[in-house]
Amino acid sequence: MKDLIRIRSLISAEVESLLNQQVKKEATSSSIYLAMASWCNRNGYDYSSDYFFKQAEEERQHQLKFYKYILDMGGNAISPDVTGIKQEYNSFREVFEEALDQEISVTQSIKNIYARCLKEQDFVTNEFLNWFLKEQREEEYKARRALELFEVIGEEGTGRWQIDKHVGGIKYDSEA
Amino acid sequence: MVTTLITDPQTSTWSDVFSTQNGAVYQCDAERCWYVDFAGKVAKFDYRCLLKLKKAVYNVDIEAKLLDSSKDPDVEIIFICACDHTYILTLLQIIALKEILEGAFVMLQLNHIIQDRLYRIAL
Ligand SMILES: [Fe+2]
Ligand SMILES: [Fe+2]
């Protein structure tokens with residue numbers, strides 16, 4: 001008896017469903033960043049607003065990367081429903097705290113798929129995920145760096161104005 | 177419960193995937209599809225449709241239906257989008273079909289492991 005399912009698709013049904021969940025997660029991240037960009041813009045934090053617009057765009061690219069991978073492997077990519085995005089924040093700092101939380105949860109979710117693929121010996125998908133692991137290093141670094149600005153600069157006086165200016169300059173350029 | 181006719185595999189190219197007293201799943205390598213013999217009919221499914229059938233059957237909340245005390249008839253319509261077959265089944269038939277599909281997918285998974293670990297390495 002031929003292994004018909006394997007002929008159709010390189011990835012297992014379980015991995016396919018995890019990857020589709022990740023598509024949704026990336027789409028959610030993108031929407032969250034877009035809401036943050038709006039909040040920052042409305043409250044006068046222009047550099048942070050630009051920063052979040054860029055992040056939103058990046059998350060959209062991540063979403064498409066997963067989406068196309070699923071299709072390329074013979075799977076069924078599902079366009080996600082994204083609802084319930086928080087639009088209002090209590091403070092400038094809260095925006096960055098939640099941005100870091102979101103990135104940590106994305107890292108965790110990618111680790112989870114990685115573990116599943118190792119169990120199935122789906123090394124092809126692991127190799128695909130390597131790019132995202134490296135990307136998460138950068139994402140978490142940037143989110144953490146932004147929060148550190150609140151400690152280093154302080155929010156008093158023109159502090160928030162200074163913090164906003166520095167957010168625009170956050171970069172990760174590790175060669176490692 | 178409607179008793180189903182268990183038809184013998186119609187051609188020699190069909191392999192037994194899994195069967196119970198109530199029905200069976202066969203695989204046809206030549207046509208790259210599966211035949212589900214259940215509720216008095218033998219229906220052909222390609223890969224996508226078989227997955228849709230599995231999803232539709234697994235999604236029926238059997239427990240909720242059992243606890244449901246309303247007088248509505250316990251009939252479930254299994255309609256699969258972009259597929260030629262529809263099933264109108266009683267709760268007992270749903271349970272029976274679920275058992276067959278669960279067994280079939282375990283056997284397909286087993287076949288996949290055997291192919292991966294033995295044949296594909298030996299080739
Ligand atoms: Fe991402
Ligand atoms: Fe991210």
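Residue numbers (my numbering), protein chains in the order written: chain A, 1 to 176; chain B, 177 to 299.
Yeah, the Cβ is synthetic: ideal placement off N, Cα and C, and Gly gets one too.
Coarse secondary structure for B/Thr-262, derived from DSSP in three states: In the structure shown, B/Thr-262 sits in a strand (DSSP, three-state: E or B).
Does the distance from the CB of A/Lys-24 to the CB of B/Gln-203 come in under 9 Å? no
Starting from B/Ile-254, follow its DSSP beta bridges and name the residues at the other end. B/Tyr-263
Give the list of continuous alpha helix (DSSP H) stretches no shorter than 4 residues that lie fully inside the segment 16-90 of chain A. Here the runs fully enclosed are 46-72.
Other residues of its chain near A/Lys-142: CB distance less than 7 Å, five sequence neighbours each side excluded: Ile-170, Tyr-172
Indicate whether at least one CB of chain A lies closer than 9 Å to the CB of B/Val-193. yes
If you measure beta-carbon to beta-carbon, which residues of the segment 153-165 of chain A are closer than 9 Å to chain B? none
Tell me the residue span of the alpha helix (DSSP H) that contains A/Asp-173. Run containing A/Asp-173: none; DSSP gives neither H nor E here.
Separation of B/Tyr-263 from B/Met-177, as counted between CA atoms: With a pLDDT of only 36 at B/Met-177, under 50, the local geometry of the prediction cannot be trusted, and no value is derived from it.
Taking the C-alpha atoms as reference points, what is the distance between A/Thr-83 and A/Tyr-33? 14 Å
Taking only beta-carbon positions, decide if B/Cys-209 is within less than 9 Å of chain A. yes
Considering just the uninterrupted stretch of the beta strand (DSSP E) at B/Val-201, what are its terminal residues? Going by DSSP, B/Val-201 is part of the beta strand (DSSP E) stretching over 200-204.
Rounded to the nearest angstrom, how far is the Cβ of A/Leu-147 from that of A/Glu-97, given a contact under 8 Å? 7 Å
According to the Cβ coordinates, are A/Cys-117 and A/Thr-125 closer than 9 Å? Cβ distance < 9 Å, so A/Cys-117 and A/Thr-125 count as in contact.
Interface partners of B/Asn-287 on chain A, CB under 7 Å: Met-1, Asp-3
Flag A/Ser-91 as yes when its Cβ comes closer than 8 Å to any non-hydrogen atom of ligand 1, and as no otherwise. no
I'd like to know whether the C-beta atoms of B/Phe-221 and B/Gly-199 end up nearer to each other than 9 Å. no
Whole angstroms are fine: how far does the CA of A/Arg-6 sit from the CA of B/Val-193? 16 Å
Would you mind sorting A/Lys-86 into buried or exposed? The rule is 16 or more other CB atoms within 10 Å of its CB. It is exposed - the Cβ of A/Lys-86 has fewer than 16 other Cβ atoms within 10 Å.
Comparing C-alpha positions only, which one of B/Trp-190, B/Gln-197, B/Val-218 sits nearest to B/Glu-207? B/Glu-207 has its Cα closest to that of B/Trp-190, out of B/Trp-190, B/Gln-197, B/Val-218.
Given a threshold of 16 other Cβ atoms within 10 Å of its Cβ, counted over all protein chains shown, does A/Asp-122 qualify as buried or as exposed? buried
Rounded to the nearest angstrom, how far is the Cβ of B/Leu-273 from that of B/Val-218, given a contact under 8 Å? About 14 Å separates the two Cβ atoms, so there is no contact after all.
Looking at ligand 1, does it come within less than 8 Å of A/Val-82, judged from the CB to the closest heavy atom? no
For A/Trp-161, which residues does DSSP report across the bridge? DSSP lists no partner for A/Trp-161.
Nearest to B/Lys-231 by CA position, among A/Ala-35, A/Cys-40, A/Arg-160, A/Glu-14, is which residue? A/Glu-14
Three-state secondary structure assigned by DSSP to B/Thr-240: Note on identity: in this sequence residue 240 of chain B is Ala, with Thr being the wrong assignment. If DSSP states are grouped into helix, strand and coil, B/Ala-240 belongs with the helices.
Mind pulling the alpha helix (DSSP H) runs of 4 or more residues that sit fully within the segment 101-153 of chain A? Whole alpha helix (DSSP H) segments, 4+ residues: 123-153.
For B/Ile-297, name the three-state secondary structure that DSSP assigns. helix
Residues of chain A with CB closer than 9 Å to the CB of B/Leu-267, please, in chain order. Under the 9 Å cutoff, chain A gives no residues; its nearest Cβ is about 26 Å from B/Leu-267.
Return the chain-ordered list of same chain residues with a C-beta closer than 7 Å to the C-beta of A/Leu-10, the five sequence neighbours on each side being excluded. Met-73, Gly-74, Val-124
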